[in-house]
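Down below is the structure, laid out as structure tokens.
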Amino acid sequence: MSRYVQHCNGINRRDFLRVGAVGLLGIELSLPALLERQARAASPAGQQRDVSVIWIFLKGGMSTIDTFDLKPDAPSDIRGEFKSIPTRIPGVHVSEHLPKIAGQMDKLSLVRSFGHRNADHGPADHYMLTGYHPIAGFNPNLKPNNQYPSFGSVIGHKLGARSSVPPYVCLPILHASAGSAFLGPSAVPFVIESDPGAPSFSVPDLAPPMALEASRLAARRELLGQVDRYQRRAEVKANSAARSVSVFSQKAFDLMTSPEAKKAFDIAQEPEKLRDEYGRHTLGQSCLMARRLVEAGVRCVMVDHSNWDTHYDNFTILKSQLLPKFDAAIATLFRDLADRGRLDSTLVILSGEFGRTPRINKDAGRDHWSKCFTLAIGGGGIQGGRAVGTSDAWAQEPADNPYGPEDLAATLYHLLGIDPKAELRTPEGRPIALSSGGRIIRELV
Numbered sequence: 537m538s539r540y541v542q543h544c545n546g547i548n549r550r551d552f553l554r555v556g557a558v559g560l561l562g563i564e565l566s567l568p569a570l571l572e573r574q575a576r577a578a579s580p581a582g583q584q585r586d587v588s589v590i591w592i593f594l595k596g597g598m599s600t601i602d603t604f605d606l607k608p609d610a611p612s613d614i615r616g617e618f619k620s621i622p623t624r625i626p627g628v629h630v631s632e633h634l635p636k637i638a639g640q641m642d643k644l645s646l647v648r649s650f651g652h653r654n655a656d657h658g659p660a661d662h663y664m665l666t667g668y669h670p671i672a673g674f675n676p677n678l679k680p681n682n683q684y685p686s687f688g689s690v691i692g693h694k695l696g697a698r699s700s701v702p703p704y705v706c707l708p709i710l711h712a713s714a715g716s717a718f719l720g721p722s723a724v725p726f727v728i729e730s731d732p733g734a735p736s737f738s739v740p741d742l743a744p745p746m747a748l749e750a751s752r753l754a755a756r757r758e759l760l761g762q763v764d765r766y767q768r769r770a771e772v773k774a775n776s777a778a779r780s781v782s783v784f785s786q787k788a789f790d791l792m793t794s795p796e797a798k799k800a801f802d803i804a805q806e807p808e809k810l811r812d813e814y815g816r817h818t819l820g821q822s823c824l825m826a827r828r829l830v831e832a833g834v835r836c837v838m839v840d841h842s843n844w845d846t847h848y849d850n851f852t853i854l855k856s857q858l859l860p861k862f863d864a865a866i867a868t869l870f871r872d873l874a875d876r877g878r879l880d881s882t883l884v885i886l887s888g889e890f891g892r893t894p895r896i897n898k899d900a901g902r903d904h905w906s907k908c909f910t911l912a913i914g915g916g917g918i919q920g921g922r923a924v925g926t927s928d929a930w931a932q933e934p935a936d937n938p939y940g941p942e943d944l945a946a947t948l949y950h951l952l953g954i955d956p957k958a959e960l961r962t963p964e965g966r967p968i969a970l971s972s973g974g975r976i977i978r979e980l981v
């Protein structure tokens with residue numbers, strides 16, 4: 537097996553923490569509980585802008601010096617093998633292995649002076665996905681490992697669900713730092729633990745348990761109703777939270793049988809030609825699924841794509857495996873959103889936890905580098921076609937306008953119409969600002 541398969545820290549892909557037992561409907565209680573908690577969290581959106589978020593998280597750390605911020609005048613052990621090509625935007629160049637993205641460059645912008653202070657996978661993941669650097673006691677091996685809630689959990693908590701689909705969805709797995717932290721079960725994401733690129737793709741929690749026929753499933757529903765009636769008679773004075781379990785079991789049933797939900801998750805409804813353009817692989821079909829989900833009302837979709845941890849054979853892996861798929865999937869996503877009139881209402885973020893070292897190592901790879909890398913972002917109110925900030929001659933440090941995760945948090949919430957200075961409360965009552973002193977990246981908006 538290639539040494540490229542796993543991250544250098546060896547963390548397993550199976551991150552989703554299941555809860556509860558199997559109920560009368562034959563469903564794990566995670567789904568009814570999830571719906572219950574979302575309902576508790578939901579609140580009127582007020583004046584918030586109706587913007588959804590698609591976050592493509594490039595797990596392991598994309599080499600942005602080889603993709604979005606090439607240094608053609610640097611020494612060979614810095615600049616690497618790739619050449620730069622012009623994009624639709626005069627003066628903005630990207631890698632020769634991103635020709636399709638170059639053609640869509642008017643729809644997204646680059647923040648080339650982005651960076652932070654942690655080059656370890658787990659803490660850096662947490663920093664990028666929450667806007668908060670982890671404090672002492674952080675354990676990257678816990679699943680989930682959030683000390684602070686992820687952006688998706690905050691969005692779901694603050695804005696609630698738009699329809700019968702969940703407000704926050706992760707695919708094809710749950711990243712360890714994509715959880716709800718002190719927001720608790722009310723803000724956990726709905727996880728599609730299945731690869732949309734697989735021919736046999738399905739969403740397990742939306743399928744009737746044990747492949748029951750509709751008549752048998754309806755019979756179980758009737759039985760549940762009978763049991764509920766007896767329970768209501770016997771437990772009139774029972775705790776209200778306990779009594780609500782049956783209500784949210786019903787909601788789980790409704791989600792399983794909801795035409796809206798089934799349509800949103802049925803990627804096979806897409807034209808074959810469009811599926812081919814996105815790419816018949818995990819990233820391509822995950823991006824297509826993300827577009828379908830935001831159209832159906834999901835507020836935040838996180839696509840966790842691995843593995844960009846190119847310590848070895850960086851250039852071979854990028855040009856033969858990662859970049860052709862990335863180029864097709866991302867360019868098609870932006871074009872598709874624009875064609876469908878949804879780009880202005882869908883914020884797309886492209887980033888890993890950090891970038892790669894400017895200097896190439898002895899194994900023709902690049903190692904972890906968090907001090908300076910490029911964030912790509914577009915749609916949702918972002919001005920496309922811009923290159924914000926610059927890195928120095930070797931992409932080691934920001935040369936001007938340094939930005940970091942706190943600033944991304946402030947910008948993200950601002951674009952969704954949420955006050956970045958608003959506060960959350962921990963169970964102990966401690967106030968936590970949504971953005972830890974971040975500033976809105978005004979050049980983008």
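Counting in my numbering, the sequence shown runs from 537 upward without gaps.
Beta carbons: idealized from backbone N, C-alpha and C, even for Gly.
If the five residues before and after D863 are omitted, its C-beta is found closer than 6 Å to the C-beta atoms of L634, K636 and I637, all from its own chain and listed in chain order. Cα atoms of C836 and F618: separation of roughly 34 Å, rounded to the nearest angstrom. In this structure, A931 places its C-beta atom within 7 Å of the C-beta atom of D605. Under the three-pair Cβ rule at 8 Å, the stretch 640-657 counts as touching the stretch 916-925. In the three-state reduction of the DSSP assignment, E942 falls in the helix class, which pools H, G and I.
Inter-segment contact for the stretch 870-879 and the stretch 612-629 is absent: fewer than three beta-carbon pairs are separated by less than 8 Å. D642 sits in a helix when the DSSP states are folded into three classes. Contact between Y704 and G692 holds, with the beta-carbon distance rounding to 4 Å and staying under 8 Å.
Here DSSP, grouped into helix, strand and coil, assigns M838 to strand. Beta-bridge partners assigned by DSSP to F593: D840 and S887. Per DSSP, reduced to three states, the secondary structure at P676 is coil, with no helix or strand assignment.
Minimum Cα-Cα distance from T893 among the listed residues V884, S906 and T882 corresponds to S906.
At a Cβ-Cβ threshold of 7 Å, P740 and I803 do not count as neighbours. A distance of 7 Å or more separates the beta carbons of K679 and S842.
Assigned with DSSP and collapsed to three states, A723 falls in helix.
Where I853 is concerned, the enclosing alpha helix (DSSP H) starts and stops at N850 to I853. Look at the beta carbons and you see the stretch 659-676 not touching the stretch 694-710: under three pairs across the two are nearer than 8 Å. For Y704, the enclosing beta strand (DSSP E) starts and ends at Y704 to L707.
Cβ-Cβ separation between I728 and D840: approximately 11 Å, too far for a contact (criterion under 8 Å). The beta carbon of R828 sits closer than 7 Å to the beta carbons of A800 and I803 from its chain, once the five residues preceding and following it are set aside; these are given in chain order. Between L854 and T846 a beta carbon distance of about 7 Å is seen, short of the 8 Å cut, so the two are scored as contacting. Distances from the alpha-carbon of P685 to those of D928, D661 and A672 put D661 closest. Counting the other Cβ atoms within 10 Å of the Cβ of P659 gives 16 or more, which makes it buried.
Taking a C-beta distance under 7 Å as the contact criterion, Y848 and G901 qualify as a contact pair. Look at E617 here: in three-state DSSP terms it is coil, with no helix or strand label. Under the 10 Å beta carbon count, E964 is surrounded by fewer than 16 other beta carbons and is classified as exposed.
Sequence-distant partners of E942 (beyond 5 residues in either direction) whose C-beta falls short of 7 Å from its own C-beta, in its chain, are G667, S971, S972, G973 and G974.
The alpha carbon of A797 has as its nearest neighbour, out of M825, T910 and C544, the alpha carbon of M825. Per DSSP, reduced to three states, the secondary structure at S689 is helical. Of the other Cβ atoms in all chains shown, 16 or more fall within 10 Å of the Cβ of D602; this residue is therefore buried.
The C-alpha of Y814 is placed about 7 Å away from the C-alpha of L869. In this structure, DSSP gives V630 an extended state, which the three-state scheme calls strand. Between F890 and A655, the C-beta spacing is below 7 Å.
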